[in-house]
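Chemist: Numbering-wise, this note's numbering puts 481 at position 303 of the sequence shown, and it's gapless, one number per residue.
Where is the CB? At the ideal position from N, CA and C, for every residue including glycine.
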Amino acid sequence: MLRKVTAIISGTLVAQLINVISLPILTRLFTPADIGVQNVFLSTLNILMPLVSLSLPMAIIQTKRNDEKYVNTAAILFTLLFIVFICIFFILFYDYMVSSFGTKHIYFLLIILIMTLFFNSYQQLIEYKLIKAGEYSAISKISVITSLYLNGFKILGGIFFSNFWCLLVAIFSAVPFKVLLQYNNIKIKKEEILFSLNTAKIKKTVFKYHDFILYRSPQALLSTLSLSIPLYFITLNSGLSEAAFYSLALTLLMLPVNLIGNSITTVLYPELVKIGKSKCAVNIVFKYFFVLVLVGCIISSIIFNFGSPIIDLFLGFKWIKTAEYASWLSIIMIFQLANRPIISAVTAFSYQHLMLWFEIIAFIVKIGVFYLAVIFFKGLDIIKIYSVISGGMYFIFSMYIVYRIKFDLGYKNEKENNNYK
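1. If you measure between the beta carbons of Y424 and Y503, is that distance less than 7 Å?
2. Hey, how far is the Cα of T444 from the Cα of F482?
3. Could you give the residue range of the alpha helix (DSSP H) that holds I269?
4. Which full runs of the alpha helix (DSSP H) of 4+ residues lie inside the segment 391-474, going along the chain?
5. Taking the beta carbon of Y554 as the centre, do at least 16 other beta carbons fall within 10 Å, making it buried, or is it exposed?
6. For D245, which residues from the same chain have a beta carbon less than 7 Å from its beta carbon, with the 5 sequence-adjacent residues on both sides left out?
7. Taking the C-alpha atoms as reference points, what is the distance between L431 and L400?
8. DSSP on S318, reduced to helix/strand/coil?
9. DSSP three-state call for L375: helix, strand or coil?
10. State buried or exposed for M511, treating a residue as buried only when at least 16 other CB atoms are found within 10 Å of its CB.
11. Is the Cβ-Cβ distance between V218 and T402 less than 7 Å?
12. Going by beta carbon distance, what residues of the same chain come within less than 6 Å of R518, once the five residues before and after it are set aside?
13. Between which two residues does the alpha helix (DSSP H) containing T549 stretch?
14. Decide if the segment 371-378 is in contact with the segment 235-242; the criterion is three or more beta carbon pairs, one per stretch, under 8 Å apart.
15. Between which two residues does the alpha helix (DSSP H) containing N224 stretch?
16. Given this structure, state the Cα-to-Cα distance separating G494 from A501, to the nearest angstrom.
17. Using a Cβ-Cβ cutoff of less than 8 Å, which residues in the same chain neighbour S478 once the five nearest sequence positions on both sides are dropped?
18. Within a Cβ cutoff of 6 Å, which residues of the same chain sit near S200, ignoring the five residues on either side of it in sequence?
19. T294 and L223 look like a contact to me (Cβ under 8 Å); what is the Cβ gap, rounded to whole Å?
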């Protein structure tokens with residue numbers, strides 16, 4: 179398993195290095211307001227994505243080969259239905275959106291949003307197919323090439339057309355580009371992404387993997403929303419430039435989460451499905467959890483002590499406020515990173531309902547804390563309180579899931595012993 183994790187991390191590391199190297203160039207080509215628009219758009223995409231295909235692509239890992247086409251069809255049908263819903267929403271709130279963005283801009287924005295959501299949904303189907311096939315080297319290679327394309331597009335576009343539309347078009351075009359790379363790899367391996375219009379089979383498959391629709395999808399939505407609340411609040415109250423500082427800090431902090439955490443999740447999820455709920459699985463999850471807590475603490479201490487000079491040197495003095503946000507948001511990063519093996523266990527062992535209940539409670543608590551913090555505190559103090567509460571809740575949930583797996587294993591063993599007697 180270590181070899182697989184290394185294969186994923188090596189490719190993801192190169193992709194993230196390309197992102198990091200590009201940042202100083204992008205922050206000098208585009209204004210904080212432009213980058214603020216980009217990050218609000220990305221945040222909106224992240225919120226909508228769990229609703230588009232209802233997390234069904236993740237079920238591909240657990241399906242039999244013959245059932246994959248029904249999962250694929252269901253995911254695309256849900257995607258098309260959601261796109262229709264967005265269009266209806268657009269029609270109903272047309273006047274408000276035109277007054278906010280302008281007539282020309284709103285049509286272009288809608289097209290970019292819809293097309294990005296559709297291709298993202300299709301891209302997830304291919305990606306989970308590759309994960310199931312164990313094509314970790316291919317996944318790494320694709321992430322590197324996509325990162326080169328995305329950042330190259332932004333930099334070249336910024337030289338000739340320094341505007342937030344350039345950033346949005348780059349984000350959109352990178353998704354079908356990634357799909358083409360993935361599809362080409364699937365073809366080389368003589369695999370296919372199949373679809374079927376057998377209504378009875380589609381219904382049966384959707385019912386079989388209803389946990390992803392009923393639990394994982396709303397959980398992912400609430401999780402993303404809770405991270406996005408400060409961004410939207412800052413945007414509405416302090417403007418896009420201030421939002422850019424917050425979102426850039428979050429982007430930088432998510433680099434280790436995406437690099438290490440997501441790489442481990444990509445490998446650990448299918449491995450836990452194979453191992454099944456056992457003491458071996460608990461030991462693996464526990465080991466990865468504490469190693470990632472240690473890694474997160476090291477990164478956080480570097481940010482606290484050297485964040486300001488690093489940002490000044492790396493991005494320029496006008497972005498120095500990013501370091502202030504990053505220092506406190508790093509608390510969330512520690513437990514988001516450490517939480518990745520726990521999320522793998524949740525999905526592999528069908529604990530999505532527990533995760534959903536946690537996200538509902540956590541969302542209510544975070545909203546309440548954030549609301550009270552806004553009333554009684556100002557500026558960075560709000561983010562400090564929000565970060566400490568959020569980090570603490572991630573830790574509590576992680577410990578509860580480990581306890582629950584151990585409890586279920588103990589109950590199972592006791593039942594087997596009684597049956598034996």
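Modeler: To lay it out plainly:
1. Cβ distance < 7 Å, so Y424 and Y503 count as in contact.
2. Pairing T444 with F482, the inter-Cα distance amounts to about 30 Å.
3. I269: member of the alpha helix (DSSP H) spanning 246-270, first to last residue.
4. Fully enclosed alpha helix (DSSP H) runs of 4 or longer: 395-416, 418-434, 440-453.
5. The sequence given here places Phe at residue 554; Tyr does not occur at that position. Per the 10 Å Cβ criterion, exposed.
6. Counting only residues of its own chain and dropping the five nearest sequence neighbours on each side, D245 has a CB closer than 7 Å to the CB of T383.
7. Going from the Cα of L431 to the Cα of L400 covers about 20 Å.
8. Note: S318 maps to helix in three-state DSSP.
9. L375: coil per DSSP, three-state reduction.
10. So M511 ends up on the buried side.
11. Going by beta carbons, V218 and T402 fall outside the 7 Å limit.
12. These residues qualify, in order along the chain: G439, I442, T443.
13. At residue 549 the sequence reads Tyr, which differs from the Thr that was named. It spans 530-554 - the alpha helix (DSSP H) in which Y549 sits, taken as one unbroken run.
14. Touching, no, given that fewer than three Cβ pairs across the two stretches are closer than 8 Å.
15. For N224, the uninterrupted alpha helix (DSSP H) run begins and ends at 210-230, by DSSP.
16. Computed Cα separation, rounded: 11 Å.
17. Only S508, I509, M511, I512 meet the Cβ criterion.
18. Setting aside the 5 residues that flank it on each side, S200 is surrounded in the same chain by N329, each with a C-beta closer than 6 Å to its C-beta; the list follows chain order.
19. That belief holds up - the Cβ atoms of T294 and L223 are roughly 6 Å apart, short of 8 Å.
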